[in-house]
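> Pasting in a structure now, in structure tokens, and then I'll have a few things to ask.
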Amino acid sequence: MAYVQGQTGEWEMVIGLEVHAQVTSQAKLFSGASAAFGGAPNAHVSLVDAGFPGMLPVINKYCVEQAVRTGLGLKAQINLTSVFDRKNYFYADLPNGYQISQFTQPIVGKGEIILDLEGGKSRTVGITRLHLEQDAGKSMHDQSPTETFVDLNRAGVALMEVVSEPDMRSGEEAAAYLKKLRAIVRYLGSCDGNMEEGSMRCDVNISMRRVGVETLGTRCEIKNVNSIRFVMQAIDYEAQRQVEILEGGGEIKQETRLWDTGKGITRAMRSKEEAHDYRYFPDPDLLPLVLDAAWVEDIKKTLPELPDEKKQRFISQYGLTDYDASVLVAEKASADFFETVAKGRDGKLAANWLTSELFGALNKMGKSIEESPISGAALGGLIELISNDTISGRIAKDVFAEMLASGKPAAQIVEEKGLRQVTDMGAIGAEIDKILAANADKVAEYRAGKDKLFGFFVGQVMKATGGKLNPAMLNDTLKEKLKG
Amino acid sequence: MTIDINTVVKIAHLAHLKIPPQQQQSVAGDLNKILAWVGQLDEVNVEGVEPLANVNDGSLGWREQDVVTDGDKPQDILANAPSKTADFFTVPKVVE
């Protein structure tokens, strides 16, 4: 548990997150206009989205289905009856003067999410609810000195708001929560999880209390935090700020604050902006959303294997460590790649090559796993050559580098360059004899008790043979011969 | 429930309506009349009836196919805009 050290003692963070995840739909939540990112100004807008009088919203079934799937992925209760409400506030990019959201009866109720933490530890965080709502339009304040420009392309795009319980106790846990939630929605395909494009956005609720105290302190909400790194920075900054106020005898004012990426601080929004009294009421344009239990069951049957289950399977099926399994399942593409490499081969070896060699190389090239110049099958070919002793692990690194550069299969490189490992006892013995004969003085020293010279002999033999001898056989034979 | 002048001022602010002080009393009176009229519903015995979100029967119908069927008409969208630049709505600067 990461406590914050103040002047007068230790403090504990209490953190809850609200995540807005954009549904991967083609059309908007209540209209047939495109939900695609970007587009010419006001081109992805229907009369419904622009709030023209007399236009009626009709819900997109796909969006409802994704909310249900996400709820099931969070092991949450699915509410067969839910209600859409109007959340009333005025802003230039909200044409109706209200956002259609869900307030008292959301589509998804309580669930949970398991965080993977440092050192293979895990922690369960409660999900309070998930509801469907509309996104607002986009205001641009930097286009003119006197005017704000409004583009309604995003207005009406379907969002899933996922609200957590105040169960997190550090920035690291908040980061782990976001990573896991992102992994789950990506596995499900219900949201692309792209924080840069804003298809996943996060508001942070944080309060402080002295270690050991059960009651909650007054919280602040931090908006506009657009990456996992910034979430951690904003939490650390805000925790320090609150502790300084509390230790100075002050009180925390419950308020909405903005994360300022440039300055690395949070600052209070102008009080006028947050003087919100949303006056929620059921939207008279929309009847209650009633789902068929059998339909929900059908959706449940089509859920893919999710990160937690996949991780457990990787551990039991391939004998991976908790850590390696966590790294591999974090992205579905990595997990799929791993299975292509590992199927019918040595899973641990495959995991090692993937996490230490391939990921490292891709990182250097700035490429994603999908863009890997070495396919899963090709890397599997290399693993096979190591497993069946055709090449040593050391030679395999050279072959790997060659595969990256040329795209040739491992077996072809080994043949062309004559890298096949020497496993013939006679040949190995002959190589050793040559080295021992050339270093008679060192042999004498070794036999007189200078054991450390063993490595020298290994190195010399390897150098003479281009590293092609089987290391285990070399060790055994060398030991025998040195005994004299 | 009765609406006093303070409430009128508050909800006028929330609704972005400018109600001059000399009219506030009469607006309060009007709103109270409306509430009293709706308040007749209190005479109905609703014991044992679940709260309703909508008085109509049935449930929400939906768009079966997730396909784009609308849009690409910024000129229609902006036709009534009091102020615009290119294909954007423009409003007096909203300072963040």
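These protein sequences, in sequence, are chains Y and S.
Each residue of the first sequence is one higher than the one before, starting from 1 at the first, in this note's numbering.
Each residue of the second sequence is one higher than the one before, starting from 485 at the first, in this note's numbering.
We put the beta carbon where it would ideally sit given N, CA and C, even for glycine.
Values in this document were obtained by computation on a predicted structure and should not be read as measured data.
May I ask you to list, following chain order, the residues of the segment 494-519 of chain S that have a beta carbon less than 7 Å from some beta carbon of chain Y?
Listed in sequence order: L498 and H500.
> Would you mind giving the Cβ-Cβ distance between P95(Y) and A570(S), rounded to the nearest angstrom? I have them listed as a contact below 8 Å.
That pair is no contact at about 18 Å.
> Could you give the distance in angstroms between the alpha-carbon of L469(Y) and the alpha-carbon of M462(Y)?
Their Cα atoms are separated by approximately 7 Å.
> Pick out whichever of T70(Y), T8(Y), I78(Y) and Q421(Y) has its Cα sitting closest to the Cα of D292(Y).
With distances taken between Cα atoms, D292(Y) lies closest to I78(Y).
> Taking Cβ-Cβ distances below 7 Å as the criterion, which residues of the segment 551-564 of chain S are in contact with chain Y?
Within the segment 551-564 of chain S, the qualifying residues are V551, V552, T553, D554, G555, D556, P558, I561 and L562.
> Going along the chain, which residues of its own chain have a beta-carbon closer than 8 Å to the beta-carbon of S227(Y), five neighbours each way excluded?
Within the same chain, S227(Y) has close Cβ partners M195 and E196.
> Less than 8 Å between the CB atoms is what I'm expecting for A21(Y) and L159(Y), so what's the real figure, rounded?
That pair is a contact at about 7 Å.
> Please list, in chain order, the chain S residues whose beta carbon lies closer than 7 Å to that of A43(Y).
Those within 7 Å of A43(Y) in chain S are G555, D556 and P558.
> Show which residues of chain S have a CB atom less than 8 Å away from the CB atom of E147(Y).
Here the neighbours are S567, T569, T574, V575, P576 and K577.
> According to DSSP, what are the bridge partners of C63(Y)?
Partner(s): none; C63(Y) has no beta bridge.
> Rank V243(Y), A234(Y), R279(Y) and I245(Y) by C-alpha distance to the C-alpha of R257(Y) and give the top, closest one.
When each option's Cα is compared against that of R257(Y), the closest is A234(Y).
> Does the segment 329-337 of chain Y touch the segment 133-147 of chain Y, meaning 3 or more C-beta pairs lie closer than 8 Å?
Flag = no, the segment 133-147 of chain Y and the segment 329-337 of chain Y do not touch.
> Alpha carbon to alpha carbon, how far is E371(Y) from M140(Y)?
Cα to Cα, the separation comes out at about 35 Å.
> Pick from N516(S), L562(S) and A499(S): whose alpha carbon is nearest that of I489(S)?
The shortest Cα separation from I489(S) among N516(S), L562(S) and A499(S) belongs to N516(S).
> At a CB-CB cut-off below 8 Å, which residues of chain Y make contact with G523(S)?
Chain Y residues near G523(S): none, gap ~17 Å exceeds 8 Å.
> Along the segment 16-31 of chain Y, where does the CB come closer than 9 Å to a CB of chain S? Name the residues.
Listed by position, the residues of the segment 16-31 of chain Y near chain S (Cβ gap below 9 Å) are S25, Q26, A27, K28, F30 and S31.
> Using only alpha-carbon positions, find the residue among Y323(Y), K28(Y), G459(Y) and Q412(Y) that is nearest to E118(Y).
Answer by Cα proximity: Y323(Y).
> In terms of alpha-carbon separation, which member of A499(S), I561(S), T553(S) and Q524(S) lies closest to F90(Y)?
Closest option to F90(Y), Cα to Cα, is A499(S).
> In three-state DSSP terms, what is N363(Y)?
If DSSP states are grouped into helix, strand and coil, N363(Y) belongs with the helices.
> Just verifying my parser: in three-state terms, what is the DSSP assignment at N470(Y)?
Of the three classes helix, strand and coil, the one that applies to N470(Y) here is coil, per DSSP.
> Please report the straight-line C-alpha distance between A507(S) and A496(S), rounded to a whole angstrom.
For the sequence presented, residue 507(S) should be read as Gln rather than Ala. In a straight line, the C-alpha of Q507(S) is about 12 Å away from that of A496(S).
> If you drop the 5 nearest sequence neighbours on each side, which residues of the same chain put their C-beta closer than 8 Å to that of L474(Y)?
The residues are I428, I432, V458, V461 and M462.
> Between the alpha carbons of N540(S) and V533(S), how many angstroms are there, rounded?
Straight-line Cα distance between these residues: approximately 15 Å.
> Would you kindly work out how many angstroms separate the C-alpha atoms of L519(S) and V530(S), rounded to a whole number?
Whole-angstrom Cα-Cα distance: 19 Å.
> If you drop the 5 nearest sequence neighbours on each side, which residues of the same chain put their C-beta closer than 8 Å to that of L303(Y)?
Result list for L303(Y): R69, L72, G73 and L188, in chain order.
> Report the neighbours of F90(Y) on chain S: residues whose CB is nearer than 7 Å to its CB, in chain order.
Ordered by position in chain S, the residues that pass the 7 Å Cβ test against F90(Y) are H500.
> Look up R154(Y) in the DSSP assignment and say whether it is helix, strand or coil.
The answer is coil: DSSP assigns R154(Y) none of H, G, I, E or B.
> Between I391(Y), D441(Y), S406(Y) and A294(Y), which lies nearest to T465(Y) when the distance is taken from Cα to Cα?
Ranking I391(Y), D441(Y), S406(Y) and A294(Y) by Cα distance to T465(Y) puts I391(Y) first.
> Which residues in the same chain have their Cβ closer than 8 Å to the Cβ of T104(Y), if we skip the five residues on either side of it in sequence?
Contacts found: V83, D85 and Y280.
> Going straight from the alpha carbon of S190(Y) to that of G32(Y), what length do you get?
Taking the straight line joining both Cα atoms gives about 18 Å.
> Between L289(Y) and chain S, is any beta-carbon pair separated by less than 7 Å?
True, the Cβ-Cβ gap to chain S drops below 7 Å.
> Would you mind listing the alpha helix (DSSP H) stretches within the segment 107-157 of chain Y that are 4+ residues and don't spill past its ends, in chain order?
Qualifying alpha helix (DSSP H) stretches: none in this window.
> Under a Cβ-count criterion, where at least 16 other Cβ atoms within 10 Å of its own Cβ denotes burial, should V551(S) be classed as buried or exposed?
Classification of V551(S): exposed, given that the 10 Å Cβ count is below 16.
> If you drop the 5 nearest sequence neighbours on each side, which residues of the same chain put their C-beta closer than 8 Å to that of L362(Y)?
So the qualifying residues of the chain are S368, I369, E371 and S372.
> Could you spell out the range, first to last residue, of the alpha helix (DSSP H) harbouring L328(Y)?
Unbroken alpha helix (DSSP H) run through L328(Y): D322 to V329.
> Counting only beta-carbon separations shorter than 7 Å, does V83(Y) have a partner in chain S?
It does: the Cβ of V83(Y) has a partner Cβ on chain S nearer than 7 Å.
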